[in-house]
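When we follow this note's numbering, the leftmost residue of the sequence shown carries the number 12, and every step to the right adds one. We put the beta carbon where it would ideally sit given N, CA and C, even for glycine. The structure displayed is predicted, hence computed values, not measured ones. What follows is a set of notes on a single structure, which appears directly below.
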Amino acid sequence: MLYSVKMRSAQGGPHEKGGRHISGAERILSEEKIEQTIIAMLRRAQEHQRGTADFVSLKVEVVKPADIFYRPLLPLSSCTAGTVEEGRAAALAELIKAGVSAAAAAAGIAQITGLRDSMRGAMLLDAVTGRRVDGLGARGVRVSKMDCDNAGRYEAKLVEKGLLGDHVREALVLASKVASAAGIVAELCWSDDPEYVTGYVASPKYGYRRIPIMKEYGNPVGGRVFFTEPEADLQKLIAYLQDQVVLIRPEEG
Ligand code: PML
12 MLYSVKMRSA QGGPHEKGGR HISGAERILS EEKIEQTIIA MLRRAQEHQR GTADFVSLKV
72 EVVKPADIFY RPLLPLSSCT AGTVEEGRAA ALAELIKAGV SAAAAAAGIA QITGLRDSMR
132 GAMLLDAVTG RRVDGLGARG VRVSKMDCDN AGRYEAKLVE KGLLGDHVRE ALVLASKVAS
192 AAGIVAELCW SDDPEYVTGY VASPKYGYRR IPIMKEYGNP VGGRVFFTEP EADLQKLIAY
252 LQDQVVLIRP EEG
């Protein structure tokens with residue numbers, strides 16, 4: 012039997028009472044790994060670069076095998092950029108190549124740089140007009156219920172490419188789930204960890220394109236934008252991103 016284990020932490024009280032989001036994490040794993048995972052998640056909430064959490068929520072739920080979708084891992088490759096300006100120019104070019112209009116791509120970058128603090132979830136923008144379409148305000152769409160299907164194989168694959176750490180490990184799984192959703196054109200993301208400046212553009216067409224620098228070191232604001240087809244069924248898309256259990260198969264990446 013598999014279990015979904017979710018953690019979210021905030022400072023100044025729970026998120027729903029105005030607390031500032033500090034960190035979140037999610038795994039889908041077998042019973043014997045639950046305890047060690049919860050301890051690791053608690054440590055992460057307590058030691059996060061964005062500050063010390065005074066609210067931590069942990070949720071453990073059974074996942075029924077019949078509810079699981081299996082989807083392939085996105086192929087990973089890297090762009091070159093030595094400065095924030097070059098990184099954002101690379102992100103613009105990648106988004107346009109993936110099918111986002113130039114105006115919407117610029118709007119996506121402006122949405123993240125315009126945030127006063129990081130959101131827990133992602134913003135959905137129409138890939139043609141660049142208008143925000145999720146209507147979920149400061150909460151955004153929280154992509155949930157995903158993990159890799161074969162952790163050992165996935166980690167070996169990342170190590171082969173010289174990639175270590177939670178940021179890339181979690182982001183590539185999340186981006187693979189997002190790219191598998193009907194109506195997604197591309198995703199833009201960079202981290203809200205002040206010490207982590209790498210970001211990416213991901214798309215069903217071109218995979219996960221890492222961008223070495225998307226913000227200045229020390230900046231605690233990052234975020235995610237999902238660009239959607241104008242005719243996308245947004246209700247279905249949001250339900251898939253938030254509620255559908257998806258395991259990502261590394262052997263198919
Ligand atoms: C996050 O911290 O939520 C975003 C992580 C982006 C990872 C980019 C990468 O290293 O590939």
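Thinking just about the alpha-carbon of each residue, which of the options is nearest to the one in residue i?
i	options	result
A193	E242, A101 and R31	E242
I195	S202, W201, A186 and E27	A186
R55	K172, M130 and H178	H178
A100	I222, D160 and T239	I222
I249	G176, E262, K188 and P205	K188
Y219	I50, V71 and A102	A102
V212	L126, D254, M18 and S88	S88
V67	R38, G30 and E97	G30
M314	I39, G62, M18 and R180	Because the chain in this structure spans residues 12 to 264, residue 314 falls outside the shown range and cannot be described.
Y165	M157, L53 and V184	V184
E198	D204, G210 and S20	G210
V95	K75, K70, R143 and T124	T124
K75	H26, K156 and G176	K156
Q57	M18, A118, G132 and G98	M18
Q22	E262, R143, G176 and D128	D128
A118	R143, P83 and S20	R143
L53	Y217, S20, G176 and R180	S20
H26	Y14, R82, L175 and A149	A149
Can you round the beta-carbon distance between residue i and residue j to whole angstroms, since I take them to be within the 8 angstroms contact cut?
i	j	result
D145	V154	With 8 angstroms as the limit, D145 and V154 do not qualify as a contact, their Cβ atoms being about 12 angstroms apart.
V73	I45	That pair is no contact at about 11 angstroms.
S214	G233	Actually they do not touch by this definition, with Cβ atoms about 19 angstroms apart.
A77	I33	No, A77 and I33 are not in contact; Cβ-Cβ is about 35 angstroms, not under 8 angstroms.
T239	L135	5 angstroms
M225	V236	The pair is not a contact, with the Cβ atoms about 12 angstroms apart (cut-off 8 angstroms).
A167	L85	Incorrect: roughly 17 angstroms between the Cβ atoms, too far for contact.
Which value, in whole angstroms, describes the spacing of the CA atoms of residue i and residue j?
i	j	result
H59	G24	16 angstroms
M130	A182	16 angstroms
I107	I120	12 angstroms
A116	E43	44 angstroms
D244	K28	31 angstroms
F80	C200	24 angstroms
E105	G93	16 angstroms
C159	E37	11 angstroms
L69	A162	21 angstroms
D62	T48	The sequence given here places Gly at residue 62; Asp does not occur at that position. So the alpha carbons of these two residues sit roughly 21 angstroms apart.
G35	I50	14 angstroms
V71	S41	11 angstroms
E171	P205	26 angstroms
Q246	Q253	11 angstroms
G132	G98	23 angstroms
C90	R180	18 angstroms
A169	K216	Just to set this straight, residue 169 is Leu in the shown sequence, not Ala. Each residue's alpha carbon lies about 21 angstroms from the other.
R82	E262	10 angstroms
**Asked** Is there contact between the stretch 254 to 262 and the stretch 226 to 234, where contact requires at least three CB pairs shorter than 8 angstroms?
**Response** no
**Prompt:** Touch check for the stretch 130 to 143 and the stretch 107 to 114: three-plus C-beta pairs under 8 angstroms?
**Reply:** yes
**3-residue-minimum beta strand (DSSP E) runs that sit fully inside the stretch 13 to 37, ordered along the chain** = 13 to 22
**Message:** Restricting to runs no shorter than 3 residues, where is the beta strand (DSSP E) found entirely within the stretch 50 to 94?
**Reply:** 66 to 74, 79 to 83 and 87 to 89
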